[in-house]
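The block underneath contains the structure these notes are about, expressed in structure tokens.
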Amino acid sequence: MKNWNDTKSIRKDFPILERKIDGKPLIYFDNAATSQKPVQVINALTNYYENYNSNIHRGLHTMSEEATLAYEGTREKIARFIDAPSEREVIFTRNATEAINIVVESWGKHNIGAGDEIVITSMEHHSNFVPWQKLCEDKGARLVYIEIGADGNLDYAMAERLITNKTKIVAVTQMSNVMGTVVDLKILGKLARLNGAKFLVDGAQGVPHLPTSVREIDCDFLVFSMHKMLGPTGVGVLWGKEELLDLMPPMLYGGDMISSVTREKTTVNELPWKFEAGTPNIADVIASGAAIDYLQNLGMQNVRAHELELTRYAMDAMLKLPSMKIYGPQNPELKGGVISFNYEGIHPHDMGQILNESGIAIRAGHHCCQPLMKTLGVMGTARASFYIYNTIEEIDFFVDALIKAEKVLNYVACR
Ligand SMILES: Cc1ncc(COP(=O)(O)O)c(C=O)c1O
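Heads up, the sequence shown is in our numbering, so the first residue is 3 and it goes up one at a time.
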């Protein structure tokens, strides 16, 4: 059992953290984009390719059976991780984006019509925005936005007004990838339920960092990406209530998603395989199981506690810097370990570049949230985001680098 407080020992599991950037130790604060991978995940990948690489579900030979067991084993682990009633409700996709697109194609296209409303928030990632916008265009439906207040929190009074019996689905992020705002899903879920609407949660930022139970949230769909939670790229998850998924047609047709095929007719497979056409990403799904084990071992309450400590410490120090603006909730309790900021007069890209010279990896830009940038009245922000292997010492170094960066950039700007 790993001790979540023993960051030194956790860091030893992440070979990339030994890396130097221009001779300086890497400080990786771009975790909201993708997380780093522990040796346990890397070893699961190489073990599959070195010892039992084969296709799943179809073969009767030993290696195929081993691969099938490991692949389906990850599905069971994920079901337990999100407290799903059944692993039949866990569908593997390429990423969270594809998972949302399946809901739009296989549920939305058959259940949304002219005059219907889809409620999202103004802080959605493009992934939970563009597919709904396109569906509305195609169907003559209306996209309705719950706004954020000046404090960066969702306006729940507005949500109460906007979610009505015209609403067919409420689709919201669990945590903003820009401001870290944690959404009160229970309130929104209740409003959706009261009005007979479906409820989709974009857990791309929430599931990696917060304990998440689909039964507690009482949502209809939950989507997330394994690459943001220690797993490899190329694996996403769509969880949906069995009775809904049962009624939805597949998005892709071909091999594996069938139960029988004749010249005249194809019968589709049962859940979850009816949504997994063709050979899936076997190796990465298997390695995702190791990522889930790693997080389970730490305990998601502890992951949250560690990030809260880092965020509190970082915000405290950053807010002491003159002309520093942090977007979103100023109370760390109301947000995840994501800090979006700007220094007055300094372009976030310049800030990102100069921090990179100190070995610090942050992200700068619109973070796939152009509508939110418009709401905030900025072109972009710089963003630092934390995970289980980050430390207070790294934050000290980061804050020092911010002070130096501000001096250099403002000096250049004045000339
Ligand atoms: C809130 C949110 N939703 C969805 C996505 C899309 O995830 P992916 O690119 O893995 O599909 C992201 C990615 O950053 C995100 O932050």
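Think of the CB as a built atom: it goes at the ideal place given N, C-alpha and C, for glycine as much as any other residue.
#1: Check whether the Cβ of D204 lies closer than 6 angstroms to any heavy atom of ligand 2, and answer yes or no.
#2: For I284 and I58, which I take to be in contact (beta-carbon distance under 8 angstroms), what is that distance rounded to the nearest angstrom?
#3: Can we say the stretch 307-323 touches the stretch 62-71, given the rule of at least three CB pairs closer than 8 angstroms?
#4: Helix, strand or coil for N299? Go by DSSP, reduced to three states.
#5: Tell me which residue opens and which closes the beta strand (DSSP E) that K170 is part of.
#6: Just to check my reading of the structure: D118 and K170 have Cβ atoms closer than 8 angstroms, yes? What is that Cβ distance to the nearest angstrom?
#7: Below 8 angstroms on the Cβ atoms is my contact criterion, and I expect Y345 with M326 to pass it. Report the Cβ-Cβ distance as a whole number of Å.
#8: Mind checking whether the beta-carbon of Q207 lies closer than 6 angstroms to any heavy atom of ligand 1?
#9: Whose C-alpha, out of N97, D157 and K141, is nearest the C-alpha of Y1?
#10: Rounding to the nearest angstrom, what Cα-Cα distance links F131 and K406 in this structure?
#11: For the beta strand (DSSP E) that contains E383, what are its first and last residues?
#12: Along the chain, where does the alpha helix (DSSP H) containing Y73 start, and where does it finish?
#13: Enumerate, from N- to C-terminal direction, the unbroken alpha helix (DSSP H) stretches of 4 or more residues contained entirely within the stretch 186-212.
#14: In chain order, what residues of the same chain have a beta carbon less than 8 angstroms from the beta carbon of T123, not counting five sequence neighbours either side?
#15: Given 8 angstroms as the limit, is there contact between the stretch 243-257 and the stretch 268-285, that is, 3 or more CB pairs closer than that?
#16: Should K409 be labelled buried (16 or more other beta-carbon atoms within 10 Å of its own) or exposed?
#17: Where Q207 and I260 are concerned, what is the direct C-alpha to C-alpha distance, given to the nearest angstrom?
#18: Near I288, what residues of its chain come up, given a Cβ to Cβ distance below 7 angstroms and the 5 sequence neighbours on each side ignored?
#19: I need the DSSP call for Y255, collapsed to helix, strand or coil.
#20: Going by other Cβ atoms of all chains shown within 10 Å of its Cβ, with 16 needed for buried, is D398 buried or exposed?
#21: What is the DSSP secondary structure of M326, counted as helix, strand or coil?
#22: Tell me whether V146 sits in a helix, a strand or coil according to DSSP, three-state version.
#23: Can you list, in chain order, the residues of its chain whose CB lies under 8 angstroms from that of C221, leaving out five sequence neighbours each side?
#24: Looking at C-alpha atoms only, which residue of S178, K136 and E272 is the closest neighbour of L475?
#25: If you draw a straight line from the alpha carbon of A2 to that of P210, how long is it in whole angstroms?
#26: Taking the alpha-carbon positions, what's the G295 to K230 distance?
#27: Buried or exposed, going by whether 16 or more other CB atoms sit within 10 Å of the CB of A81?
#28: Is any heavy atom of ligand 1 found at a distance shorter than 6 angstroms from the C-beta of S129?
#29: Would the beta-carbon of A363 fall within 7 angstroms of that of D15?
#30: By Cβ distance, which residues of its chain are closer than 8 angstroms to A341, with the 5 residues on each side in sequence left out?
#31: If I104 sits next to S129, beta carbons under 8 angstroms apart, how far is it from one beta carbon to the other, in whole angstroms?
#32: Buried or exposed for S262, going by 16 or more other Cβ atoms inside 10 Å?
#33: When you measure from the CB of N179 to every non-hydrogen atom of ligand 1, does any distance come out below 6 angstroms?
#34: For V121, does the three-state DSSP call read helix, strand or coil?
#35: Straight-line CA distance for V225 to N53?
#36: Under 6 angstroms from any heavy atom of ligand 1, does the C-beta of S227 make it?
Considering the structure as presented:
#1: As for ligand 2, it is missing from this structure, which binds only ligand 1.
#2: In the sequence shown, counting from the first residue as 1, residue 284 sits at position 282. In the sequence shown, counting from the first residue as 1, residue 58 sits at position 56. So it is a contact: roughly 6 angstroms between Cβ atoms.
#3: The stretch 307-323 makes no contact with the stretch 62-71: fewer than 3 CB pairs, one atom from each, lie closer than 8 angstroms.
#4: Position 297 of the sequence shown holds residue 299. Helix at N299.
#5: Walking along the sequence shown from the start, residue 170 turns up at place 168. It spans T169 to T175 - the beta strand (DSSP E) in which K170 sits, taken as one unbroken run.
#6: Here residue 118 is taken as the residue at index 116 of the sequence shown, counted from 1. Here residue 170 is taken as the residue at index 168 of the sequence shown, counted from 1. Sure, about 5 angstroms apart at Cβ, within 8 angstroms.
#7: Translated into the one-based positions of the sequence shown, residue 345 becomes position 343. Translated into the one-based positions of the sequence shown, residue 326 becomes position 324. Yes, Y345 and M326 are in contact; Cβ-Cβ is about 6 angstroms, under 8 angstroms.
#8: Numbered from 1 along the sequence shown, position 205 holds the residue referred to as residue 207. At least one heavy atom of ligand 1 is nearer than 6 angstroms to the Cβ of Q207, so yes.
#9: Outside the displayed span of the chain (3 to 417) sits residue 1, for which this structure offers no information.
#10: Within the sequence shown, numbered from 1, the residue matching residue 131 stands at position 129. Within the sequence shown, numbered from 1, the residue matching residue 406 stands at position 404. So the alpha carbons of these two residues sit roughly 38 angstroms apart.
#11: Within the sequence shown, residue 383 is the residue found at index 381, counting from 1. According to the sequence shown, residue 383 is Thr rather than Glu. First-last of the beta strand (DSSP E) with T383: T383 to S387.
#12: As a position in the sequence shown, residue 73 is number 71, starting the count at 1. Y73 -> alpha helix (DSSP H) spans T64 to F83.
#13: Counting whole runs of 4 or more residues, the stretch 186-212 contains the alpha helix (DSSP H) stretches 187-196.
#14: As a first step, residue 123 is located in the sequence shown; it is residue number 121 there, counting from the start. Excluding residues within five positions, the ones whose Cβ falls inside 8 angstroms are Y147, I148, E149, I150, L156, V174, T175 and V185.
#15: yes
#16: Along the sequence shown, one-based indexing puts residue 409 at 407. Per the 10 Å Cβ criterion, exposed.
#17: As a first step, residue 207 is located in the sequence shown; it is residue number 205 there, counting from the start. As a first step, residue 260 is located in the sequence shown; it is residue number 258 there, counting from the start. Near 33 angstroms, if we compare the C-alpha coordinates of I260 and Q207.
#18: The count along the sequence shown starts at 1 and reaches residue 288 at position 286. Contacts found: A46, Y50, A72, Y73 and T76.
#19: By 1-based counting over the sequence shown, the position of residue 255 is 253. Y255: coil per DSSP, three-state reduction.
#20: Within the sequence shown, numbered from 1, the residue matching residue 398 stands at position 396. Exposed, because fewer than 16 other Cβ atoms sit within 10 Å of the Cβ of D398.
#21: Sequence index remark: in the sequence shown, residue 326 carries index 324 (1-based). Note: M326 maps to strand in three-state DSSP.
#22: For the purposes of this step, residue 146 is identified with residue 144 of the sequence shown, where counting begins at 1. It is a strand residue.
#23: Here the question's residue 221 lines up with position 219 in the sequence shown. Result list for C221: L187, G191, F201, L202 and V203, in chain order.
#24: One cannot answer for residue 475 here, as it falls past the ends of the chain, which runs 3 to 417.
#25: Look at the range of the chain in this structure, 3 to 417, and you will see that residue 2 is not part of it.
#26: Looking up residue 295 in the sequence shown gives position 293. Looking up residue 230 in the sequence shown gives position 228. Residue identity differs from the one stated: residue 295 is Asp in this sequence, not Gly. Rounded to the nearest angstrom, the two C-alpha atoms are 15 angstroms apart.
#27: For the purposes of this step, residue 81 is taken as residue 79 along the sequence shown, with counting starting at 1. Its Cβ being crowded by 16 or more others within 10 Å, A81 is buried.
#28: As a working note, residue 129 is residue 127 in the sequence shown. In this structure, S129 has its CB closer than 6 angstroms to one or more heavy atoms of ligand 1.
#29: Against the sequence shown, residue 363 aligns to sequence position 361. Against the sequence shown, residue 15 aligns to sequence position 13. For A363 and D15, no; Cβs fall outside 7 angstroms.
#30: Position 339 of the sequence shown, counted from the first residue, corresponds to residue 341. With the sequence shown as reference, residue 341 is identified as Ile, and Ala is not the correct amino acid for it. Taken in chain order, the residues that qualify are G182, T313, A316, M317, M320, I328, R385, A386 and S387.
#31: Along the sequence shown, one-based indexing puts residue 104 at 102. Along the sequence shown, one-based indexing puts residue 129 at 127. Actually they are not in contact, since the Cβ atoms of I104 and S129 sit about 12 angstroms apart, beyond 8 angstroms.
#32: Taking the sequence shown and counting its residues from 1, one reaches residue 262 at position 260. Exposed.
#33: In the sequence shown, counting from the first residue as 1, residue 179 sits at position 177. Answer for N179: yes, Cβ within range of ligand 1.
#34: Against the sequence shown, residue 121 aligns to sequence position 119. Three-state result, V121: strand.
#35: Mapped onto the sequence shown, residue 225 falls at position 223. Mapped onto the sequence shown, residue 53 falls at position 51. When rounded, the distance between both Cα atoms is 31 angstroms.
#36: Locating residue 227 in the sequence shown gives position 225, counting from the first residue. Taking the Cβ of S227 as the reference point, at least one heavy atom of ligand 1 falls within a distance shorter than 6 angstroms.
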